[in-house]
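Here the structure is laid out as structure tokens; the discussion comes afterwards.
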Amino acid sequence: MNKPAAVELAQVGMAFGSCLALREVSASIPSGCVTGLVGPDAAGKTTLVRLLAGLLRPTQGQILVHSAQLAAPVGAEGQGQGAQPPLSCTAVQAQPALQTAPKEPTLGNAVPQEAAKACAALDVEAGHSLCPENIVATLPNFIGYMPQRFGLYEDLSVMDNLVLHARLRNVQGQQRAEIFEQLLQFTALAPFTTRLAGRLSGGMKQKLGIACALLGSPRLLLLDEPGVGVDPLSRRDLWRMVLRLADSGMTVLWSTAYLDEAERCPHVIMLDEGRVLYEGAPAELTRRAAGKVFAITPASGHKKATLAACMHSEGVADALIQGSRVRVVLHQSPAALPEKGLCLPSVQGVFMPVPPRLEDAYMLGLGGIDRSPSPLVEGSLPASDKPRIEARGLTKRYGNFVAANDISFSVPAGRIFGLLGPNGAGKSTTFRMLCGLSKPSSGECFVDGVNLLTAGNMARARLGYMAQKFSLYTDIPVQENLRIFGQLYGLSGHKLRQRMELLAETLALTSYLRQPTRLLPLGQKQRLALACALLHNPAVLFLDEPTSGVDARTRRDFWKHITAMTRTGVSVLVTTHFMEEAEYCDSMALVYRGNIITTGTPDALKAAVASAENPDPSMEETFIACIQRYDEEHPQ
Amino acid sequence: MKSTRTAAQQAALGLWLRRLGALVVKECKEIVRDPSSYLVAGLMPALLLLIFGYGITLDIQTLEISILDQSGSQPAQQVVHAFMHSPSFTVVPAANQEAAEKLFKDARIKGIVILRHDFGEAVARGQAGAVQILVDGADANTAKFIQAYAQMLLARWQQASTGTAQPAAIEVQPRYWYNATANSRNYLVPGSITVIMTLIGTLLTSLVFAREWERGTMEAMLATPASRLQLLLGKLIPYFCMGMLSMLVCAAAAVWIFSVPFRGSLWVLLLLSSIFLLTALGQGLLISVLTRTQLLAAQAGLFSGFLPALLLSGFVFDIASMPYALQIATLLLPARYFNVCLQTVFLAGDIWSVFVPCMGAMLALGAALLALVYHNLQKRLDV
Chain A
1 MNKPAAVELA QVGMAFGSCL ALREVSASIP SGCVTGLVGP DAAGKTTLVR LLAGLLRPTQ
61 GQILVHSAQL AAPVGAEGQG QGAQPPLSCT AVQAQPALQT APKEPTLGNA VPQEAAKACA
121 ALDVEAGHSL CPENIVATLP NFIGYMPQRF GLYEDLSVMD NLVLHARLRN VQGQQRAEIF
181 EQLLQFTALA PFTTRLAGRL SGGMKQKLGI ACALLGSPRL LLLDEPGVGV DPLSRRDLWR
241 MVLRLADSGM TVLWSTAYLD EAERCPHVIM LDEGRVLYEG APAELTRRAA GKVFAITPAS
301 GHKKATLAAC MHSEGVADAL IQGSRVRVVL HQSPAALPEK GLCLPSVQGV FMPVPPRLED
361 AYMLGLGGID RSPSPLVEGS LPASDKPRIE ARGLTKRYGN FVAANDISFS VPAGRIFGLL
421 GPNGAGKSTT FRMLCGLSKP SSGECFVDGV NLLTAGNMAR ARLGYMAQKF SLYTDIPVQE
481 NLRIFGQLYG LSGHKLRQRM ELLAETLALT SYLRQPTRLL PLGQKQRLAL ACALLHNPAV
541 LFLDEPTSGV DARTRRDFWK HITAMTRTGV SVLVTTHFME EAEYCDSMAL VYRGNIITTG
601 TPDALKAAVA SAENPDPSME ETFIACIQRY DEEHPQ
Chain B
637 MKSTRTAAQQ AALGLWLRRL GALVVKECKE IVRDPSSYLV AGLMPALLLL IFGYGITLDI
697 QTLEISILDQ SGSQPAQQVV HAFMHSPSFT VVPAANQEAA EKLFKDARIK GIVILRHDFG
757 EAVARGQAGA VQILVDGADA NTAKFIQAYA QMLLARWQQA STGTAQPAAI EVQPRYWYNA
817 TANSRNYLVP GSITVIMTLI GTLLTSLVFA REWERGTMEA MLATPASRLQ LLLGKLIPYF
877 CMGMLSMLVC AAAAVWIFSV PFRGSLWVLL LLSSIFLLTA LGQGLLISVL TRTQLLAAQA
937 GLFSGFLPAL LLSGFVFDIA SMPYALQIAT LLLPARYFNV CLQTVFLAGD IWSVFVPCMG
997 AMLALGAALL ALVYHNLQKR LDV
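Residue numbers (this note's numbering), protein chains in the order written: chain A, 1 to 636; chain B, 637 to 1019.
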């Protein structure tokens, strides 16, 4: 990365009481491009973004914002030329106004006079650098910041929100009208200006949040997890938007928990537990995994057994299911193709080298997965020919609005079924009907052969439910949570104690039992939620967005247990818009506009959208293609 | 040079005011769209006014008693008649003591008056006749009423029966100043304005910053050029207007619906109310800034604002009869001063010797609270 640094962090530490959120973070953010700030939850991403926004003051070290670098004119780096034309948004093209008098007053005037003057004063001392707090004090519009959850007033309309930010940032009159027009066009929010912000979909809220942050024509745009809670389609739109901003010279920091998002950034800062794990181009890190990544087509077709075998083989850094294949990352690149059990003696299958991804390198860097086998493979449920979960024509209407229309599918014993779809597509509605939390307008659903509508409590006793935010009681100790959920499912006395002990041991929670639940790290919380759902030995497991925000290693661990359980006959229903989880599904249904628009195995869905120019589409590309195809066939 | 400077200053001031205006407009729109604001600012005051105006009264209308005349003599008959014709009592017939006690236990009557068998002879001899009054000590307030009314009635009967020959040694002639009919509504309705304004000033306001923290909008605001003072005023101004508006509505209702006299002047009422409202708003905003969650803020608002205003302001319960420690604690309660001022301005008039010390106390409390809010409202998250 040979772009000049726009922001430099030197030995930055941030402590909240005795808790160290950041330790000795040294990194730089190059100007005029998107920098990815990547790490699992609680890695320190939000703290770092807030430090840059001047909302926190570091307890150690120094942050310097090189205002001169940020004020560099568009195209000085030769960036963005020939590619997409720079964004047709004056909000972004305003840089020249900072240094010289605007030649095109209507275009360049987006920067308020006061900021322009202050900036000009700074430029007199060339290379003047300030800490974020001083930047905010002297150049209030210099930094644009979108906090997590977007910071929108949900009771106000889209236009009200924009007007508020415009007036706070002193953007008014003709100039405001122009910026509004461009921003609304840019974000495709123009048809929704009178809609309340609270009524927007996740993706639209995100865009409005960014539009608000862009109103002061910032040079440095800080986005805190803009991809969270946004489906792949909206995420792609968002990414394109931000790329155009960067191409026109804006410096953008994009924080994310997803490595696939980070992979697209030219520069990443990888955080883990408050420390910098890696800084630089993601491709460079990815190269470290070159030659070590293989896709295994299982010999016998048992991908779950193959996954388990891979996961406790010596020398494996990572293993996960991708459709019908198992993807493994080895610590050392093998001298020869590890076919016929050359390298992994217990694994039977055809090995094929595949190009590495950032995540592979990330797992290698972390030292690989926990290779101990899951004890949840033990025991087995009585075999059954009947489907464990069955939906027949499930329909839910709210007035005239059909939230779910004629949803039918069935899940045999021991299978994982995924419900995928963008926000507001109807997958949560379907999910709620299936676990008996909401009554369908018509249709029926069965869990382990029991009708949820007529024998709800009996059916519910056979299903374990893991809610999105885990639904744990956070102020009581871990073991009390287990006890409460066990008692709710009718366990008591010796039997309850036995199950609690077994699950605590299995899921490595024994040492945490007496701790208050709120003190648990996210990964352990997730395992506790799983333990709570498993206490009563359910035949069916319902998972609602089970691994959002959890780091890759913890996700592997989680899915190791889930796949192990399915081998004993447990069926799993999972809703997600996280594509990696979709890969673990034996089959899945894509829910969109209230309907199941397509269903099948991950491989079959991919094959259906494969084309000459994209013979091997990713799950995300498949998802987007299916939705676009449906939109073309069924115009609204 | 000088003129350009003032022009620049004017421009800066204009910008400052525009930002403030943006925040005020935003807040007003939120108030209009937020159902909880209607609940706290509309429904609750209406309910309170109805309760204090029509529901609660501290005057006892009629008291049900039974009289047991054990003597059957003529003077005893006269006393019974006197009770029966008194507007304060309703006499429930009871055949004997057991029947009367049963009525008493069933709470059908509030007291029993017993004229002993030697009542007639004692009166005839010119001695004090023996009258026993049984009352329910569990309801001490009613018991005292019965005792007082019965004593008054007996004294009057004695005076009448013995003629003017034996006037009572001392005659008490009470006169209720400011509230000639001693109607409790006349001081409860103005008092309820204290509670209503505390509701809006403290309870409603305590939620507003907390809500912004909860929804993440506060963080977005902190990252904008809006200053602390602008953020603070952006909250203060709309809720101040709302509080004053609701005060005027309540005052109008007091005068025109509940016929409470208004003897002071309107501008004094407005002045007093604005000073009180500043303290209530200060308290609400302080809670809001410190708690950062709506649940906690609502609880703190209820316990530190609404309940003390209801119970400790002297509006229902007399401060002078509270325990000493509690009396001292009420000195820190703005509602206490405002309550005195309201009762004065409604029932007595513009009495500055009452207002000035109260206003001083309220101003001091308000300034302290608002200073604390300003201090605790930081543009950073780590303080």
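From the three backbone atoms N, C-alpha and C, an ideal C-beta is built for every residue, glycine too.
All of these numbers come straight from a predicted model, not from anything done at the bench.
Cβ closer than 9 Å: which chain A residues qualify as neighbours of residue 852 (chain B)? 147, 148, 149, 150, 151 and 152
Spell out whether any CB of chain A is found under 8 Å from the CB atom of residue 928 (chain B). no
Pair within 8 Å by beta-carbon distance, residue 625 (chain A) and residue 635 (chain A): If you check the CB distance, residue 625 (chain A) and residue 635 (chain A) do not come in under 8 Å.
Could one say the Cβ of residue 637 (chain A) lies closer than 8 Å to chain B's Cβ atoms, at least one of them? Here chain A covers residues 1 to 636 and nothing more, so residue 637 (chain A) does not appear.
Helix, strand or coil, according to DSSP, for residue 396 (chain A) in the structure here? strand
Check whether chain A comes within 8 Å of residue 865 (chain B), counting only Cβ atoms and requiring the distance to be less than that. No, residue 865 (chain B) does not count as interfacial toward chain A.
Between residue 409 (chain A) and residue 464 (chain A), which are expected to be in contact by the criterion C-beta below 8 Å, what is the C-beta distance as a whole number of angstroms? About 19 Å; that fails the 8 Å criterion.
Please name the residue in B:990, B:821, B:735 and B:701 whose C-alpha comes closest to that of residue 897 (chain B). B:821
Check whether the Cβ atoms of residue 550 (chain A) and residue 515 (chain A) sit closer than 8 Å, and answer yes or no. no
If the cut is a Cβ gap below 7 Å, which residues of chain B does residue 140 (chain A) touch? 861
Contact under 8 Å by Cβ, residue 253 (chain A) with residue 285 (chain A): Taking 8 Å as the Cβ cut-off, residue 253 (chain A) and residue 285 (chain A) do not qualify as a contacting pair.
Assigned secondary structure, residue 680 (chain B) (DSSP; H/G/I helix, E/B strand, else coil): helix
If you run the structure through DSSP and keep just helix, strand and coil, what is residue 317 (chain A)? strand
Out of curiosity, what's the CA-to-CA distance linking residue 566 (chain A) and residue 327 (chain A)? 19 Å
Is the beta carbon of residue 948 (chain B) sitting closer than 8 Å to the one on residue 839 (chain B)? no
Spatial neighbours of residue 289 (chain A) in its chain, beta-carbon cut-off 7 Å, leaving aside the 5 residues before and after: 329, 356, 360, 361 and 364
Suppose the cutoff is 6 Å on Cβ atoms and the five residues either side in sequence are ignored; what does the same chain contact list for residue 825 (chain B) look like? Within the same chain, 688, 689, 890, 894 and 896 come within 6 Å of residue 825 (chain B) by CB-CB distance, once the 5 residues on both sides are set aside.
Using 8 Å as the threshold, is the C-beta distance between residue 915 (chain B) and residue 970 (chain B) below it? yes
So, at 6 Å on beta carbons, what are the nonlocal neighbours of residue 1006 (chain B) in its own chain, with the 5 sequence-adjacent residues on each side left out? 918
Contact with chain B by residue 155 (chain A), beta-carbon distance below 8 Å: Yes, because at least one Cβ of chain B sits closer than 8 Å to the Cβ of residue 155 (chain A).
For residue 665 (chain B), return the contacting residues in chain A, with the cut-off set at a CB-CB distance below 7 Å. 156 and 160
Considering only residues of the same chain and omitting the five flanking positions on each side of residue 438 (chain A), which have a CB-CB separation below 6 Å? 432
When the Cα of residue 419 (chain A) is compared with those of A:246, A:186, A:581 and A:194, which residue comes out closest? A:581
Please list, in chain order, all residues of the same chain as residue 462 (chain A) whose beta carbon is under 7 Å from its beta carbon, the five residues on each side excluded. Excluding five sequence positions before and after residue 462 (chain A), the CB atoms of its chain that fall closer than 7 Å to its own CB belong to 447, 448, 450, 538, 539 and 540, given in chain order.
Contact the region 231–240 of chain A vs the region 40–47 of chain A: 3+ CB pairs below 8 Å: no
Kindly give me the distance between the Cβ atoms of residue 132 (chain A) and residue 53 (chain A), rounded to whole angstroms, as I take these residues to be in contact under 8 Å. 7 Å
Is there a Cβ from chain A that is less than 8 Å from the Cβ of residue 871 (chain B)? Judged by the 8 Å Cβ criterion, residue 871 (chain B) is not in contact with chain A.
Given a threshold of 16 other Cβ atoms within 10 Å of its Cβ, counted over all protein chains shown, does residue 615 (chain A) qualify as buried or as exposed? Around the beta carbon of residue 615 (chain A), a 10 Å sphere encloses fewer than 16 other beta carbons of the protein chains shown; the residue is thus reported as exposed.
Which of helix, strand or coil DSSP assigns to residue 402 (chain A): strand
Which chain A residues sit within Cβ distance under 9 Å of residue 644 (chain B)? Per Cβ cutoff of 9 Å: no residues; residue 644 (chain B) is ~10 Å from chain A at best.
Starting from the C-beta of residue 104 (chain A), find all residues in its chain whose C-beta is less than 7 Å away, skip the five residues before and the five after it, and write them out in chain order. The pLDDT assigned to residue 104 (chain A) is 34, lower than 50, so where the model puts this residue is not dependable, and the model offers no usable value.
Any Cβ of chain A within less than 8 Å of the Cβ of residue 776 (chain B)? no
Using only the alpha-carbon positions, how far apart do residue 713 (chain B) and residue 751 (chain B) sit? 10 Å
For residue 211 (chain A), count neighbouring Cβ atoms within 10 angstroms of its own Cβ and tell me buried if that reaches 16, exposed if not. When all chains shown are included, residue 211 (chain A) counts as buried.
Would you mind giving the Cβ-Cβ distance between residue 313 (chain A) and residue 413 (chain A), rounded to the nearest angstrom? I have them listed as a contact below 8 Å. No, residue 313 (chain A) and residue 413 (chain A) are not in contact; Cβ-Cβ is about 28 Å, not under 8 Å.
On the three-state DSSP scale, how would you describe residue 131 (chain A)? Under the three-state reduction of DSSP output, residue 131 (chain A) falls in the coil class, being neither helix nor strand.
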